[in-house]
Amino acid sequence: MAKNKHYRLAEKYWTKLLGDYITLARVPNDFLKEDNGKFNMIQKSIKKSMYSEILQYCDDNELSLESVLDTIYGIVLQRFTYEDDVVFGKNNIMTPVRVKTKNPKMKFIDLCKIIMKQTEESKEYDYYMMSQSNYKNALNDKLINTLFIVNILGEPMVKSEQAKKLDMYLKVSVSNGIRLKLMYKSSFYDKRTARSIVYLYRYILKQVISNKDIKLDEIQNMKEEHKENFSHMFDENKFEFDKNISYVSLLKEQVKKTPNNIAISDFDSNISYKEMDELTDKVAAYLNHLGIGEGDTVAVLQQRDKHVVLSAISVLKAGAIFFPIDRTNPDERLGYLLEDGQTKLILTCKSMLPRINKRFPEYNVLSIENEDLIKHNYEVTGKIYPENEAYRISTSGTTGRPKCISIRHDSLMNMCHYSIDYIDANENDKCGVYLSFSFDAIMKQIFPYLLVGASVDILPEYARINEKEVEGYCIRNNVTILALPAIMGKLFMMNCPCKGLRVLQVGGDKFKGYVKRDYKIYNEYGPAEFTVLCTQFHVDKYYELVPVGRPIYNTEAYILDKNNNVCAIGVPGELCLSGIQISNGYLNREDQNKLTFVDNPFAHDSYTQKMYRTGDLAKWIDEDGTIAILGRMDSQIKINGIRIEIFEIENMINMIPEIKNSVVAKREDENGDKYLDAYFVPYEDYYDPDKVRKFLEDNLPPHMIPKNITRLCVLPVTPIGKVDKKALPKV
């Protein structure tokens with residue numbers, strides 16, 4: 001159809017309304033199945049008495065019934081998509097309705113008036129959307145994939161070609177009452193999610209007509225009695241233990257019980273509990289002799305062998321703070337980490353001494369293999385209190401630099417107690433240590449099992465190449481407990497029956513798939529800021545989205561919307577954590593601490609005064625409080641279970657004088673493995689990407705180096721000027 005004056009006016013109107021809209025309002029899928037086109041249905045009615053109240057509410061506030069119903073659907077979509085800006089189709093002609101809220105303090109009535117005005121204006125240009133070409137464009141460009149139908153005079157039918165393009169649609173029939181009918185694709189959504197959508201629609205409707213002055217941030221997602229159910233759930237996971245009994249004290253007791261058991265094994269040696277205790281006592285006493293004790297940070301840079309564990313225990317016995325650092329870090333980054341962690345002494349190995357002494361002469365450096373550390377008569381004088389720091393760990397930072405996290409002794413002990421209890425760890429177990437010693441999850445692979453007389457077996461590099469090498473090593477060395485990153489964990493589960501293994505723990509990223517094995521499979525979740533482990537889930541069947549489970553001992557998990565309201569089941573929100581395992585915060589990052597470690601609105605004791613905002617988008621999937629993680633809310637991502645801040649990589653690239661700007665994007669290959677691609681725009685027409693790679697390799701650890709580095713003339717942008725990552729070329 002040729003564009004005439006009317007079409008140009010209509011096009012101008014729709015471009016103004018929708019031109020900068022870039023995020024599809026899509027309720028997160030419960031299933032990842034192929035679309036079979038079939039719809040299921042949920043129906044609910046609203047009482048006639050409430051219908052009368054709604055009509056009176058509209059009359060009193062000079063609102064149309066349709067505008068109220070439209071606005072509520074927009075808010076429901078906002079809550080389920082965790083977006084402030086959503087678009088849905090209205091009635092059969094798919095007229096776009098945009099519900100955008102910038103100010104959470106806006107009154108619901110005022111938003112209704114905006115939507116009512118928008119709807120009246122849109123009706124004038126409906127003919128443009130009724131055009132076949134523009135209708136197809138709206139669907140094919142994924143502007144709309146959910147439809148809202150208000151039926152006042154009769155029940156319009158949804159055309160089959162429309163339904164194929166939709167994930168769901170809600171019909172509201174008004175005739176002496178209100179009836180809700182939600183049609184949802186069974187290949188995408190679970191019945192519980194559908195019920196939650198209808199429940200939330202009804203509950204919001206009830207709230208707004210009961211309070212004409214209600215603000216958007218005051219609209220709740222669930223009733224008070226439902227919130228109380230979650231409070232009772234937290235009571236169930238309370239666990240009492242004597243917080244004055246330290247890790248070192250319990251370890252000493254275990255040494256007496258199993259002195260001859262193998263405590264630590266590596267590729268060419270092992271050491272008994274008695275030998276471990278004697279050696280670490282000597283090293284701890286020497287550290288105390290040097291003045292190292294409470295509040296002092298000891299950085300540990302070791303080879304991948306038993307000396308890492310021995311160093312950790314020595315530092316704890318000295319009453320100091322254990323700070324593991326990856327020895328493969330470039331010197332510049334290593335220097336930053338040492339300074340940021342407030343390092344007082346470096347405990348290393350002989351092979352690392354020349355590099356460290358040359359590059360960091362300002363630090364006191366010791367080799368744990370130095371005989372002076374054990375040939376003396378000094379006594380251990382270190383004191384340990386529950387509130388003292390046990391360890392520090394460095395993680396990727398939102399400011400573009402790593403940040404150091406502080407964990408207390410009582411937090412460490414709570415994690416250890418749960419880790420032992422939930423898999424019934426005992427002295428006959430052997431835990432295979434796969435992970436790098438500089439990442440937080442390593443704490444859970446070492447500390448708990450030494451308290452029950454089990455053996456910690458450090459996998460050598462050759463055994464970490466692929467899942468079959470891991471399996472072979474585990475079988476040869478009688479490993480019974482194994483923890484792997486999600487991607488390696490999936491490969492191991494799919495391909496390795498691993499005779500003798502009884503527990504496989506996976507975590508660090510989304511875990512997918514299921515194969516029944518003789519060993520139990522647990523999906524675990526826990527940020528470094530919450531002592532590594534805060535939820536776990538026994539995977540005993542196939543799940544489209546494998547949950548991370550329920551909170552562990554003395555841990556409370558809340559899923560909150562952007563207004564700090566508790567989310568209903570199925571409604572995405574930020575996962576927030578509180579309890580004994582919460583970190584002391586980031587070192588030297590007071591501004592970040594104020595944003596991340598906030599006052600807990602649900603506090604009820606000394607351990608729940610603060611709440612950690614994880615930045616992970618999550619939802620409750622059932623009434624028992626089982627949690628599923630949907631992804632990161634910010635630019636932090638996880639590659640092979642390691643959390644990475646892409647700003648840190650981008651900032652590093654932008655430090656190159658010849659480069660104008662850059663962007664890093666997360667990719668996923670056909671096997672589901674994640675990787676990073678980097679793109680840069682140089683000031684001159686030519687700049688070799690290999691130079692960028694060399695610069696990154698000199699300044700960043702290996703896991704942060706992008707797989708592909710591509711030179712572009714210009715970065716693609718969205719209509720509102722943001723980098724359009726979807727338009728970046730795939731290499």
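Residue numbering for the sequence shown follows UniProt numbering, starting at 1 and increasing by one per position.
Here a beta-carbon is modelled for each residue, glycine too, at the ideal position from N, C-alpha and C.
Quick caveat, the model's predicted, so the values are computed rather than measured.
Pull up the distance between the alpha-carbon of residue i and that of residue j, whole angstroms please.
i, j, result
"Asn-137", "Tyr-125", "Interpretation of Asn-137 is limited by its pLDDT of 48, a score under 50 that renders its predicted location unreliable; the figure taken from the coordinates is listed afterwards. Each residue's Cα considered, the two are about 16 Å apart."
"Ala-320", "Gly-293", "5 Å"
"Cys-576", "Thr-614", "6 Å"
"Glu-645", "Ser-396", "5 Å"
"Tyr-135", "Lys-181", "Annotation note: pLDDT 47 at Tyr-135 (below 50); position unreliable, coordinate value reported separately. Distance between the alpha carbons of Tyr-135 and Lys-181 is about 24 Å."
"Met-74", "Asp-85", "The amino acid at residue 74 is misidentified as Met; the sequence shows Gly. Taking the straight line from one Cα to the other gives about 9 Å."
"Leu-450", "Asp-242", "18 Å"
"Asp-266", "Lys-306", "6 Å"
"Val-723", "Ala-665", "11 Å"
"Lys-490", "Lys-171", "41 Å"
"Cys-496", "Gly-291", "49 Å"
"Ser-133", "Val-87", "At Ser-133, the pLDDT of 49 sits below 50, so the modelled position is not reliable; the number obtained from the coordinates is stated separately. Approximately 19 Å, taken between the alpha carbons."
"Tyr-519", "Gly-672", "24 Å"
"Pro-572", "Ser-578", "19 Å"
"Glu-275", "Phe-322", "21 Å"
"Met-704", "Ile-368", "30 Å"
"Leu-139", "Asn-478", "Because Leu-139 sits at a pLDDT of 43, beneath the cut-off of 50, its placement in the model cannot be relied upon, and the following sentence gives the value as read from the coordinates. Rounded to whole angstroms, Leu-139 to Asn-478 spans 56 Å at the Cα level."
"Leu-712", "Asp-690", "14 Å"
"Tyr-686", "Ser-662", "15 Å"
"Asp-429", "Leu-484", "17 Å"
"Pro-716", "Met-94", "30 Å"
"Thr-480", "Ile-420", "13 Å"
"Glu-66", "Leu-55", "11 Å"
"Gln-254", "Gly-549", "31 Å"
"residue 751", "Tyr-391", "Since the first residue of the chain shown is 1 and the last is 731, residue 751 is not available in this structure."
"Val-714", "Ile-659", "12 Å"
"Leu-111", "Tyr-514", "46 Å"
Of all the options the options, which has the alpha carbon lying nearest to the alpha carbon of residue i?
i, options, result
"Glu-278", "Gln-302, Leu-301 and Lys-252", "Lys-252"
"Gly-19", "Ile-75, Arg-98 and Phe-39", "Arg-98"
"Asp-632", "Val-571, Asn-651, Asp-509 and Arg-195", "Here the sequence assigns Arg to residue 632, which means Asp is not the residue at that position. Minimum Cα distance to Arg-632 is reached at Asp-509."
"Tyr-203", "Gln-220, Cys-496, Asp-326 and Val-515", "Gln-220"
"Asn-91", "Thr-81, Thr-119, Tyr-522 and Leu-111", "Thr-119"
"Ile-627", "Asn-584, Glu-556, Asp-673 and Val-681", "Glu-556"
"Met-50", "Val-208, Tyr-13 and Leu-111", "Val-208"
"Asn-654", "Arg-476, Ile-214, Asp-669 and Tyr-679", "Tyr-679"
"Cys-416", "Glu-332, Gln-581 and Ser-394", "Gln-581"
"Arg-79", "Ala-727, Leu-617, Glu-467 and Lys-430", "Leu-617"
"Leu-630", "Glu-544, Tyr-422 and Glu-648", "Glu-544"
"Lys-512", "Met-493, Pro-402 and Ala-528", "Met-493"
"Gly-625", "Lys-403, Met-413, Asn-651 and Pro-551", "Pro-551"
"Met-41", "His-289, Met-233 and Tyr-189", "Tyr-189"
"Lys-185", "Gln-303, Thr-101, Arg-26 and Val-300", "Arg-26"
"Thr-146", "Asp-167, Val-283 and Ile-649", "Asp-167"
"Arg-589", "Phe-148, Ile-639, Gly-341 and Lys-206", "Gly-341"
With a threshold of 16 other CB atoms inside 10 Å of the CB of residue i, please say whether the residue is buried or exposed.
i, result
"Met-611", "buried"
"Pro-706", "buried"
"Tyr-683", "exposed"
"Ile-346", "buried"
"Ile-465", "exposed"
"Val-731", "exposed"
"Asp-408", "The amino acid occupying residue 408 in the given sequence is Arg; Asp does not appear at that position. The residue in question, Arg-408, is buried, as its Cβ has 16 or more Cβ neighbours within 10 Å."
"residue 791", "No answer is possible for residue 791: it lies beyond the span of the chain, which begins at 1 and ends at 731."
"Gln-505", "buried"
"Ala-727", "exposed"
With a threshold of 7 Å (Cβ to nearest heavy atom), would residue i be considered close to the ligand GDP?
i, result
"Asn-270", "Ligands displayed in this structure: none; no statement on the ligand GDP is therefore possible."
Quick one: complete beta strand (DSSP E) runs, 3+ long, within the segment 413-485? Entirely contained in the segment 413-485, the beta strand (DSSP E) runs reaching 3 residues are, in chain order, 430-433, 455-458 and 481-485.
Tell me the start and end of each unbroken beta strand (DSSP E) in the UniProt domain "AMP-binding enzyme C-terminal" (648-722) that is at least 3 residues and wholly inside, in chain order. Fully enclosed beta strand (DSSP E) runs of 3 or longer: 659-668, 674-682 and 708-711.
Say whether the segment 343-356 touches the segment 458-471, bearing in mind that this needs 3 or more beta-carbon pairs closer than 8 Å, one atom from each stretch. Contact between the segment 343-356 and the segment 458-471 is absent: fewer than three C-beta pairs spanning the two stretches fall below 8 Å.
Alpha helix (DSSP H) runs contained entirely in the segment 196-239, provided each spans 4 or more residues: Whole alpha helix (DSSP H) segments, 4+ residues: 224-236.
Tell me, please, whether the segment 165-184 touches the segment 46-54 by the rule of three or more beta-carbon pairs shorter than 8 Å. In short, these stretches touch, since the Cβ pair count reaches three.
Count the CB pairs spanning the segment 355-364 and the segment 374-392 that are closer than 8 Å, and state whether there are at least three. By the criterion of at least three beta-carbon pairs nearer than 8 Å, the segment 355-364 is not in contact with the segment 374-392.
Would you say the segment 440-449 touches the segment 518-532, given that touching needs at least three Cβ pairs under 8 Å? Contact between the segment 440-449 and the segment 518-532 is established, with three or more Cβ pairs separated by less than 8 Å.
Can you check the segment 481-562 for any beta strand (DSSP E) of at least 3 residues that lies completely inside it and give the ranges in chain order? Within the segment 481-562, the runs of beta strand (DSSP E) that reach at least 3 residues and sit entirely inside it are, in chain order, 481-485, 503-507, 520-525, 535-538 and 555-560.
In chain order, each beta strand (DSSP E) run of at least 3 residues that lies wholly inside the segment 378-410: Whole beta strand (DSSP E) segments, 3+ residues: 389-395 and 403-408.
For a minimum of 3 consecutive residues, which ranges assigned as the beta strand (DSSP E) are wholly contained in the segment 81-122? Fully contained in the segment 81-122 are the following beta strand (DSSP E) runs of length 3 or more, in chain order: 85-90 and 95-100.
Unbroken alpha helix (DSSP H) runs of length 4 or more, entirely within the segment 320-388: which are they? Listed in chain order, they are 331-340 and 353-359.
At 4 residues or longer, and completely inside the segment 241-328: list those alpha helix (DSSP H) runs for me, N to C. Restricting attention to alpha helix (DSSP H) runs no shorter than 4 residues, the segment 241-328 encloses them at 247-257, 273-289 and 306-317, ordered along the chain.
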